[in-house]
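Participant: Before I ask anything, let me first share the structure, which is written out below as structure tokens.
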Amino acid sequence: MDLTYTEEEEDFRARLREWLAKVLPGLPPKPAATDWPGRRAYDAAWQRMLYDAGYAGLHWPRDAGGQGATPTQHLIFLEETERAGAPYVGASFVGLLHAGPTIAAEGTAEQRARWLPPILRGDEIWCQGFSEPDAGSDLAALRTRAVRDGDTYVVSGAKIWTSHAEVADWCELLVRTDPAAPKHRGISWLAMPMDAPGVTVRPLRTLAGSTEFAEVFLDEVRVPVGNRVGAENDGWRVTMVTLSFERGTAFVGEVVACRRVLGALARTARANGRWDDAVLRRRLGRLSAEFAALWRLTQWNVSEAQGSGGVPGAGGSVFKLRYSHARQELYDAAAEVLGAGALDADHAWVADRLSSLSYTIAAGTSQIQQNIVAERILGLPKGR
Amino acid sequence: MDLTYTEEEEDFRARLREWLAKVLPGLPPKPAATDWPGRRAYDAAWQRMLYDAGYAGLHWPRDAGGQGATPTQHLIFLEETERAGAPYVGASFVGLLHAGPTIAAEGTAEQRARWLPPILRGDEIWCQGFSEPDAGSDLAALRTRAVRDGDTYVVSGAKIWTSHAEVADWCELLVRTDPAAPKHRGISWLAMPMDAPGVTVRPLRTLAGSTEFAEVFLDEVRVPVGNRVGAENDGWRVTMVTLSFERGTAFVGEVVACRRVLGALARTARANGRWDDAVLRRRLGRLSAEFAALWRLTQWNVSEAQGSGGVPGAGGSVFKLRYSHARQELYDAAAEVLGAGALDADHAWVADRLSSLSYTIAAGTSQIQQNIVAERILGLPKGR
Amino acid sequence: MTGPVDFQLTDDQRALRAGTRELLAGRFDRDRLRASVDDPALDRALWRELGAAGFFALRLPEEAGGVGLGLPEAALVFEEAGRALLPGPLVACQVLAGVVDGVATGEKIVGLCDGAGEPWLWEHPAACDELIVADGGAQGRTGGAFRSAPDRVVCAPMASVDPLTPLARLTDLPRGEPLPLDVPRLRREAALLTAAQQLGSAARTVEMAVGHAREREQFGVPVGSFQAVKHLCAQMLVRAEIARSAVYAAAVTESVLDVTGAKLLADEAAVRNARDCLQVHGGMGFTWEADVHLHLKRAWLRAECWGVASEAEELLAAALVD
Amino acid sequence: MTGPVDFQLTDDQRALRAGTRELLAGRFDRDRLRASVDDPALDRALWRELGAAGFFALRLPEEAGGVGLGLPEAALVFEEAGRALLPGPLVACQVLAGVVDGVATGEKIVGLCDGAGEPWLWEHPAACDELIVADGGAQGRTGGAFRSAPDRVVCAPMASVDPLTPLARLTDLPRGEPLPLDVPRLRREAALLTAAQQLGSAARTVEMAVGHAREREQFGVPVGSFQAVKHLCAQMLVRAEIARSAVYAAAVTESVLDVTGAKLLADEAAVRNARDCLQVHGGMGFTWEADVHLHLKRAWLRAECWGVASEAEELLAAALVD
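Protein chains in written order, with this note's numbering: chain V, -2 to 381; chain P, -2 to 381; chain S, 15 to 336; chain H, 15 to 336.
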């Protein structure tokens, strides 16, 4: 039960702060949300700056080109960059947090040499081809087929909820290589070049009105067998390593940001008179306790991961269940603060309120997460 | 969409009010909660007064000795008696609302003649032997066995949650007469005399500290075959008629009472200063809308039953789900009004708070009710 | 699916409801709905058809060219409009049908702005031939009404969260020609008709969730066979039916407290049902192409009109100690 | 079942927790618990054993005969006491161990009354050798402390909702011998230790619900295979673990805001988990013989002590705009 940082960690924080203070003012203006090439360039440039400063792949192992930092240092990095208003990981997300760590853990020496350095330098952007329209929460029910033809797989199918597909160079793709096997046993993991013939990207508009995601249609796309990471039909296991990375630290920056938004809500409410509404005021007070606890839980989860060698445990589901809900409550409270102003779609909080609706759905619905907690942590019997 | 009463109904209400105003002041003092013989005598005397005044078995058909009143008249009766502070149905509940209607609907002429008049006059008290310790919400999983021995059934098993068992003359008992049949198909309905050898009653203390219920142990109790209502192994169907009666009107008086309690909470809060707490005040305001709507839903349900010949529909589950929850919220609000005073077990609201905890469990848990609504009303597929 | 409770409608009321549903199914089907999402300009021809069908003249006396029905019937019709997500200043045109010429027949479209509290919002500003302002007064309970030509109204455009309801924000309350209106009654009717639309939306999202849960398969079975999904749907139905009892009763009694409670419960039912409907739909519900978000956004908008939850709860609380 | 998060306890902390659990399992098993329900008089022998095990002297310096540990260790021990439903003025004796002679060893039992707001409650009045009153002051943030002999305290008996915690209500605040205490700190510690007990109770009711759900069969399968039951249990665990992060962190920082938030979340976790545990148990949980109600009632009681939700929320809200 230790909340203090080591001297080394405090040094790390101090150097990072200093560097951020130096470089952030010189950043170019942020591109528009709809300017995909501009966003790619912006995010890649930021990644290059991190690379040059020695912060790229902070949590990656050294032999993968990373900095071999401890999870706590990674937490400090995420906390400080969020606090300083640094750019988000953006287009580099999948490369740095999913595909890269998977290749680092499961790829051959050749594969690591081919794909990891460009991710760290911001030279190549990855996207994720896991979800499918007909599979939904039952990810392993994916139907995109890869048929072996000599040294290549011929891939056909459709993927959905793919971010940055428009500008990605590579796609980490889950395909079914053995249709006869039980659903978790016939899946393989491929690195697919996004410029291959037969790949079609169609932007997908969400209820927030934005096109953060895309559908990717695959029509007899030829992918070399050498692009497969891990053994054939072992892709599910390979992927789960990736997913647990995602759950571990994906929300660190967001929790910091939520606490900042909460403060802004309170100050706005005091300015517009709604602070006099005790129901709203007390709701904000309760959310303050909630996010403080979520922040502590994040710290503990990370510190536990440190003890267990870097693989986050099932505690991620506990965190995600509560955080998804708290984030939705936060933006409902924002709507209360805004009153009829919450009908203004141009307000940033309104856009964030809309996107918060996906939190109890994406990356495993709350219903699925509750099953995981009940069955894997509490040991309740399988069932429906 | 009609909320007005007919002239006949208004006449009925006026005569009832007049009668209540006349007789209520002359009632004896209420016996203590633990004085079971006293409570039986009190409830039976009240039933006799209703009988003499022509209000006994108001909703029973005329050919069963009832008044053949419409459901709306029955609603008016329940509303007015509650408003006037008349005694509850108490020990006569099972006879008037479960066993009696079942016998009226399914019994032979002889059975009706034997059992119905004493119920209406308050001469005989019934209790209910449906629930079993090992069956719980899965009522049809009951295991109490009845083995045919010539003209009698020999009954062994255990029943639980039986009210008034200590003072009842008869028990409407569900027993398994065909252990080989599917669980709903091997059940029969018997009228068991409570003074039969082999019947043992043990009071069951609830978390509220009271002994409103009992366990009933049956050790080779001999019940004449002539006491079976309906065909052998047809008891489940016979019982369902009874249960839907229970759901239809059981809560009418309670909803009226809840609205009265809500007013008392508000006045108490204003007196003790907690009315200044906007969170509490607004919670009471919301509950006011809630109970008003529940009252309207009751009216509509009853009026629908009138249209469909007296059998309440599945809407009872909708009502019960919301009402159980609203009642628990009401008494949680009462605890807020009382503050630390809610730690005083002698306060009536604290006792009612404790007993409100059973509402989402008894007569089908909220989980079971949600299944019923989803499967029977919404037509969702069976499953778990 | 039929609701569990039919609330003893008369045969005429049933026919009215069925006729409205049929009219809307024919003239405002899903293609038209999605076309309105892309271009929310109102369809004048449809508006005139609504007028011809008596949608606006419903409560006017027959001698004035109306249908001679009451608020309960208007609530049934507005419930259908809410189900279908029919856009336009429907409440304004219904409550002002006898007041502004041409509105009853659907020839003219009139807007209604609630001046009781800022921001002063105006729905479908580009479509309105006139704007009526119901002025505030303390608690919005008293005050007068004024009519203005749209070009006399100063307002700032606003990006409406509901793609079906363009909004403008009045920068000043225009007090044009005074109108002899019973403003408290007008507010009450507007609140009740808004609640009826919320009810329709809440009931519709139950159907959408149930339909999806029956058809969509995951893990080899329809998702509706999972208890978690079942129970979401069951609670949605409970919310809709509780709101229905409150709305129908308030339409009959027209009492302030009943209307206030009905609006409170119907707002909650519409918003929470839309959110649960989204949850049942999963990722598919999160797309622009799914209709779920249209129900949610309109429900949010209606919840801000003609009495919000905090006011309603305070009013109902105050009545408890009166 | 082990919780998903072990919060990086040190080996010594783990040993302390295990030792406490073992002590309580041996000296306060279920038979003793139920005996206490029937007769809530405190067991002096057990109290002395607790004293000998360092339960009260935990945070006193070693040179003063204490164990020399801190609030985090006390929180771990109190979490175990909450799990076991150990009765008695535990918080009072822990925070006053260095102040009143004989308390550290368990020889004397001392009560502590919060004078900040009425009613002034006194737990286990018959068992206490002395009563300390922490006086109010505005918001209960300042004020002094006074010691009184029990026979000098005027109070009215009260039927406690918690069968394990007899209560009396002081009719007047006795201001006996003044004590040189840091009252704000004492309140903070009392709140934190109470929250730790709530956490223990919340975690225990998860285990009880899970145990029942695994064993109890309905409809031919364990009830824990139904999603509705699973999800109740999952949400219980989430509540307990969120409360755990808050309580453990507050035990380390000792900041007012952290302690306030921890109490708020732990109160909610204990009360709601007990209720959900009851729901999972169904009718069997509704009996006096089941232990569920003992957790619920104690959770209600603790939620009323050392800061209630409304105060906590206001305090946390105020800090947002500071």
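Just so it is clear, CB atoms sit at the ideal spot from N, CA and C, and this is done for glycine as well.
The structure displayed is predicted, hence computed values, not measured ones.
Return the first residue and the last residue of the alpha helix (DSSP H) that D272 of chain H is part of.
Facilitator: That run of the alpha helix (DSSP H) goes V270 to H295.
Participant: Looking at the strands, I want to know which residues DSSP matches up with C169 of chain H.
Facilitator: Note: C169 of chain H sits in a beta bridge opposite H:L184.
Participant: List, in chain order, every chain S residue whose beta-carbon is nearer than 9 Å to that of N368 of chain P.
Facilitator: Within 9 Å Cβ-Cβ: Q241, K244, H245 and A248.
Participant: Is A88 of chain P near H161 of chain P, with beta carbons less than 8 Å apart?
Facilitator: Contact: yes.
Participant: Measure the alpha-carbon distance for E282 of chain H versus A205 of chain H and round it to whole angstroms.
Facilitator: Distance between the alpha carbons of E282 of chain H and A205 of chain H is about 14 Å.
Participant: How would you label P176 of chain P, buried or exposed, when you count the other beta carbons within 10 angstroms and need 16 or more for buried?
Facilitator: Exposed.
Participant: Using a Cβ-Cβ distance cut-off of 8 Å, determine whether R279 of chain P contacts chain V.
Facilitator: Yes, R279 of chain P lies at the interface with chain V (some Cβ there is under 8 Å from its Cβ).
Participant: What residue does the alpha helix (DSSP H) around A143 of chain P start on, and which one ends it?
Facilitator: Element bounds for A143 of chain P: not the alpha helix (DSSP H) but the beta strand (DSSP E), R142 to D146.
Participant: Helix, strand or coil: which one does DSSP assign to C247 of chain S?
Facilitator: The answer is helix: DSSP assigns C247 of chain S an H, G or I state.
Participant: Per the DSSP calculation, G129 of chain H is bridged to which residue(s)?
Facilitator: According to DSSP, which records beta bridges pairwise, G129 of chain H is partnered with H:D149.
Participant: Under the rule that 16 or more other beta-carbon atoms within 10 Å means buried, what is G97 of chain V, buried or exposed?
Facilitator: Buried: at least 16 other Cβ atoms inside 10 Å.
Participant: Comparing the C-beta of V81 of chain H with each C-beta of chain P, is any distance below 8 Å?
Facilitator: Not an interface residue.
Participant: Do you know offhand how far L23 of chain H's Cα is from Q366 of chain V's?
Facilitator: Near 26 Å, if we compare the C-alpha coordinates of Q366 of chain V and L23 of chain H.
Participant: Using a Cβ-Cβ cut-off of less than 7 Å, give me the residues of the stretch 255 to 281 of chain P that come near chain S, in sequence order.
Facilitator: Listed by position, the residues of the stretch 255 to 281 of chain P near chain S (Cβ gap below 7 Å) are L259, G260, A263, R264, R267, R278, R279 and L281.
Participant: Taking 8 Å as the threshold (C-beta atoms), are R41 of chain S and L72 of chain S in contact?
Facilitator: Taking 8 Å as the Cβ cut-off, L72 of chain S and R41 of chain S do not qualify as a contacting pair.
Participant: With C-beta atoms as the reference, is V152 of chain V less than 8 Å away from T141 of chain V?
Facilitator: Going by C-beta atoms, V152 of chain V is nearer than 8 Å to T141 of chain V.
Participant: Please report the distance separating the alpha-carbon of L329 of chain H from that of R109 of chain V.
Facilitator: Approximately 53 Å between the Cα atoms of the pair.
Participant: Any beta carbon from chain P within less than 8 Å of P18 of chain S's own beta carbon?
Facilitator: In this prediction, P18 of chain S has a pLDDT of 37, which is less than 50 and means its spatial position is unreliable; what the coordinates show is noted afterwards. Yes, its Cβ sits closer than 8 Å to a Cβ of chain P.
Participant: Out of curiosity, what's the CA-to-CA distance linking Y262 of chain S and V322 of chain S?
Facilitator: Going from the Cα of Y262 of chain S to the Cα of V322 of chain S covers about 19 Å.
Participant: So which residues of chain H does W158 of chain P contact, with C-beta pairs closer than 8 Å?
Facilitator: The answer, in chain order, is G297.
Participant: Just checking my contact of V249 of chain P with T295 of chain P at CB under 8 Å: how many whole Å lie between their CB atoms?
Facilitator: About 6 Å; that satisfies the 8 Å criterion.
Participant: Taking G187 of chain S as the query, report the chain P residues whose CB atoms sit under 8 Å from its CB, ordered along the chain.
Facilitator: Strictly speaking, residue 187 of chain S in this sequence is Leu, with Gly absent from that position. In chain order: nothing, as chain P lies at least about 29 Å away.
Participant: How far does the beta strand (DSSP E) with G154 of chain P in it reach, from first residue to last?
Facilitator: T149 to S160 is the span of the beta strand (DSSP E), which, as asked, contains G154 of chain P.
Participant: Counting only beta-carbon separations shorter than 8 Å, does V308 of chain V have a partner in chain H?
Facilitator: A caution first: V308 of chain V carries a pLDDT of 48, below 50, which makes its placement in the model too unreliable to give a value.
Participant: Does the contact criterion of 3 or more C-beta pairs under 8 Å hold for the stretch 10 to 28 of chain P versus the stretch 350 to 365 of chain V?
Facilitator: Contact between the stretch 10 to 28 of chain P and the stretch 350 to 365 of chain V is absent, because fewer than three Cβ pairs lie under 8 Å.
Participant: Quick check for students: name the residue ranges of the alpha helix (DSSP H) that lie wholly in the stretch 0 to 75 of chain V, counting only runs of 4 or more.
Facilitator: With a minimum length of 4 residues, the continuous alpha helix (DSSP H) runs that stay inside the stretch 0 to 75 of chain V are 4 to 20 and 33 to 50.
Participant: Report yes if the CB atom of H138 of chain H is closer than 8 Å to the CB atom of G125 of chain H, and no otherwise.
Facilitator: Closer than 8 Å, so yes.
Participant: Between the stretch 214 to 243 of chain S and chain P, which residues of the former have CB atoms less than 8 Å from a CB of the latter, in chain order?
Facilitator: Cβ contacts with chain P: V220, V224, A227, R228, V235, P236, G238, S239, F240, Q241 and V243.
Participant: Buried or exposed for M191 of chain P, going by 16 or more other Cβ atoms inside 10 Å?
Facilitator: Buried is the call here.
Participant: Tell whether a beta-carbon distance below 8 Å holds between A337 of chain P and E327 of chain H.
Facilitator: Contact: no.
Participant: May I ask you to report which of helix, strand or coil DSSP gives L330 of chain S?
Facilitator: If DSSP states are grouped into helix, strand and coil, L330 of chain S belongs with the helices.
Participant: From the DSSP output, which residues share a beta bridge with C168 of chain P?
Facilitator: C168 of chain P is bridged to P:C124 and P:M189.
Participant: Where S162 of chain H and C142 of chain H are concerned, what is the direct C-alpha to C-alpha distance, given to the nearest angstrom?
Facilitator: Their backbone Cα atoms lie some 11 Å apart in a straight line.
Participant: Going by beta-carbon coordinates alone, are K379 of chain V and S239 of chain H separated by less than 8 Å?
Facilitator: Going by C-beta atoms, K379 of chain V is nearer than 8 Å to S239 of chain H.
Participant: Quick check on DSSP: helix, strand or coil for R189 of chain S?
Facilitator: Correct three-state label for R189 of chain S: coil.
Participant: What residue range does the alpha helix (DSSP H) around T208 of chain H cover?
Facilitator: Run containing T208 of chain H: V197 to E229, per the alpha helix (DSSP H) assignment.
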